[in-house]
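Novice: The structure that follows is given in the form of structure tokens.
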Amino acid sequence: MLHTFLTSARSCHDLPTGSLRIDQRLTSSERPPAFTSMETFNTAMTTPTSNASPRTALARLNALGLALPNVPAPRGAFKPFSRSGQLIFLSGQICEWEGEVRFSGPVGEVHDLQAGQQAAQICALNLLAALQLALDGDLDRVLCCHRVGGFVYATPGYPDVPKVINGASDLFFEVFGERGRHARTAVGVATLPAAASVEVEAIFEVR
């Protein structure tokens, strides 16, 4: 089930190469609001669909009411992605949006499953932003998502860690269809950077 905290989004197709700011040329009065109050998507999708679509990956993302953030700056001597041949290795991204951690504390105590899935979706959007940067703005160069690793700051024995990471997996599937289906690991951990509730990493094959 996908959830969103954005009420509107604009396409990033016409952005300069390497820029991930959402329609930064709009005036403040024209620019849509970035956030609502973390409420769930009005249209709940219980089962992802993978119908072949002529639309672009970004168009499918925008159709979900979502847009990409700026790529979070790494907090250390590493970079958002590394490329080897056709493989792009994306560094783990926490549920941070434009510099603010949107969900912190353990899932199962501070947050419920639904909030955990929202947190995982934010992680996935950050990963897609880094992937778009690696691909000079063209997400349609994605051939396959090979692997996703998900980490959930959870209470001991929390049973729904895999369901939390579905928030990221389902988004990749909605955006890329069968190309977004992947191998996956989902584990509960005692803590994460900045006390974030979720962190997700991924490996993509591109052309």
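When the letters of the sequence shown are read in order and numbered with numbering that gives the first Met the number 0, they come out as residues 0 to 206. We treat Cβ as the ideally placed atom computed from N, Cα and C, and that holds for glycine. Because the structure is a prediction, the values reported are computed rather than measured.
Which residue's Cα is closest to the Cα of LYS162: THR55, GLN116, SER90, ALA72?
Specialist: Numbered from its first residue, the sequence shown carries residue 162 at position 163. With distances taken between Cα atoms, LYS162 lies closest to GLN116.
Novice: Take the Cβ of GLU177 as the centre, count every other Cβ of all protein chains shown within 10 Å, and call the residue buried at 16 or more, exposed below.
Specialist: For the purposes of this step, residue 177 is identified with residue 178 of the sequence shown, where counting begins at 1. Exposed, because fewer than 16 other Cβ atoms sit within 10 Å of the Cβ of GLU177.
Novice: Could you pull the start and end residues of the beta strand (DSSP E) that ARG183 belongs to?
Specialist: As a working mapping, residue 183 is identified with position 184 in the sequence shown. Where ARG183 is concerned, the enclosing beta strand (DSSP E) stretches over 182-188.
Novice: Below 8 Å between beta carbons: does that hold for LEU89 and LEU126?
Specialist: Indexing the sequence shown from 1 puts residue 89 at position 90. Indexing the sequence shown from 1 puts residue 126 at position 127. In this structure, LEU126 lies closer than 8 Å to LEU89 by Cβ.
Novice: Taking the alpha-carbon of VAL147 as reference, which of GLY136, ALA167, GLY107 has the nearest alpha-carbon?
Specialist: Position 148 of the sequence shown holds residue 147. It is ALA167.
Novice: Among SER81, LEU57, ILE121, SER83, which residue has its Cα nearest to the Cα of GLU95?
Specialist: Walking along the sequence shown from the start, residue 95 turns up at place 96. Taking only the C-alpha atoms, the option nearest GLU95 is ILE121.
Novice: Between GLY98 and the rest of its own chain, which residues show a CB-CB distance below 6 Å, the 5 nearest in sequence each way excluded?
Specialist: Working through the sequence shown from its first residue, we reach residue 98 at position 99. Excluding positions up to five away in sequence, the list is empty.
Novice: Whole angstroms are fine: how far does the CA of VAL109 sit from the CA of ARG180?
Specialist: If you number the sequence shown from 1, residue 180 lands on position 181. If you number the sequence shown from 1, residue 109 lands on position 110. Roughly 30 Å between the two C-alpha positions.
Novice: Could you check what DSSP says for ARG54 in three-state terms: helix, strand or coil?
Specialist: If you number the sequence shown from 1, residue 54 lands on position 55. DSSP places ARG54 in coil when its eight states are reduced to three.
Novice: DSSP puts LEU89 in a beta bridge; with which residues?
Specialist: As a position in the sequence shown, residue 89 is number 90, starting the count at 1. Partner(s): PHE80, ALA201.
Novice: Does DSSP classify ARG206 as helix, strand or coil?
Specialist: As a position in the sequence shown, residue 206 is number 207, starting the count at 1. Of the three classes helix, strand and coil, the one that applies to ARG206 here is coil, per DSSP.
Novice: Would a C-beta distance cut-off of 8 Å place ALA128 and LEU67 closer than the cut-off?
Specialist: By one-based count along the sequence shown, residue 128 stands at place 129. By one-based count along the sequence shown, residue 67 stands at place 68. The answer is yes: Cβ separation under 8 Å.
Novice: Strictly by DSSP, which residues pair up with ARG146?
Specialist: Residue mapping note: residue 146 aligns to position 147 of the sequence shown, counting from 1. DSSP, once it has assigned bridges, lists ALA182, ILE202 as partnering ARG146.
Novice: Which whole-angstrom value describes the C-beta separation of GLU198 and GLY91, a residue pair presumed to lie in contact below a C-beta threshold of 8 Å?
Specialist: Locating residue 198 in the sequence shown gives position 199, counting from the first residue. Locating residue 91 in the sequence shown gives position 92, counting from the first residue. Confirmed, Cβ separation roughly 5 Å.
Novice: Taking just the CA atoms, how far does VAL100 sit from LEU65?
Specialist: On the sequence shown, position 66 is the one that residue 65 refers to. On the sequence shown, position 101 is the one that residue 100 refers to. Whole-angstrom Cα-Cα distance: 18 Å.
Novice: Drop a sphere of 10 angstroms on the beta-carbon of PHE77, count the other beta-carbons inside from all chains shown, and report buried for 16 or more, exposed for fewer.
Specialist: On the sequence shown, residue 77 is found 78 positions in, with the first residue counted as 1. Its Cβ having fewer than 16 others within 10 Å, PHE77 is exposed.
Novice: Out of PHE175, VAL186, ASN165, which has the shortest C-alpha to C-alpha gap to ALA62?
Specialist: Stepping through the sequence shown from its first residue, residue 62 is reached at position 63. If we check each option's Cα against that of ALA62, PHE175 comes out closest.
Novice: Measuring alpha carbon to alpha carbon, tell me which of ARG54, GLN113, ALA123 ends up nearest ASN69.
Specialist: For this step, residue 69 is matched to residue 70 along the sequence shown. It is ALA123.
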